[in-house]
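Report on the structure given below.
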Amino acid sequence: MLIGDVRYKLLAVLIAWTVFTAYVGVGLWRGKSIARHFFLALLLVLLLMAVVLRQRYIELPLVVAVSGLVVWYLYAKPNVRSFFEAT
Numbered sequence: 047m048l049i050g051d052v053r054y055k056l057l058a059v060l061i062a063w064t065v066f067t068a069y070v071g072v073g074l075w076r077g078k079s080i081a082r083h084f085f086l087a088l089l090l091v092l093l094l095m096a097v098v099l100r101q102r103y104i105e106l107p108l109v110v111a112v113s114g115l116v117v118w119y120l121y122a123k124p125n126v127r128s129f130f131e132a133t
């Protein structure tokens, strides 16, 4: 693999991450509930990919704990839930 190939892959990841954060950030700011679902789905995919690709299956309980915390915050916390229900 050439250094240029790594730079192109890194650039592609940075562009994708920028689009993702812009979409989720603006969506959460405007109170669009689809942004919550998108954020949670992408978080789970990224965490599971990191665990599986690095073959660090011992970290699965951490993935479950972080995902549970995010689910609680976005879907069960009363003030956050009422914010998204009001919009």
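Residue numbering for the sequence shown follows our numbering, beginning at 47 and increasing consecutively.
The beta-carbon is built from N, C-alpha and C at its ideal position, and this holds for glycine as well.
Given this structure, state the Cα-to-Cα distance separating V110 from A58, to the nearest angstrom. 28 Å
When you compare only the Cα positions, how much space is there between Y119 and V91? 18 Å
Distance, R76 Cα to N125 Cα: 15 Å
Supposed contact pair L88 and V97 - C-beta distance, whole angstroms, cut 8 Å: Wrong, their Cβ atoms sit about 15 Å apart, outside the cutoff.
Hey, A81 and L74 are a contact pair by Cβ (cut 8 Å); roughly how many whole angstroms apart? 5 Å
What separation, rounded to the nearest whole angstrom, lies between the Cα atoms of A62 and L108? Cα-Cα distance, rounded: 25 Å.
Suppose the cutoff is 8 Å on Cβ atoms and the five residues either side in sequence are ignored; what does the same chain contact list for Y103 look like? V97
So, at 7 Å on beta carbons, what are the nonlocal neighbours of V116 in its own chain, with the 5 sequence-adjacent residues on each side left out? L86 and L89
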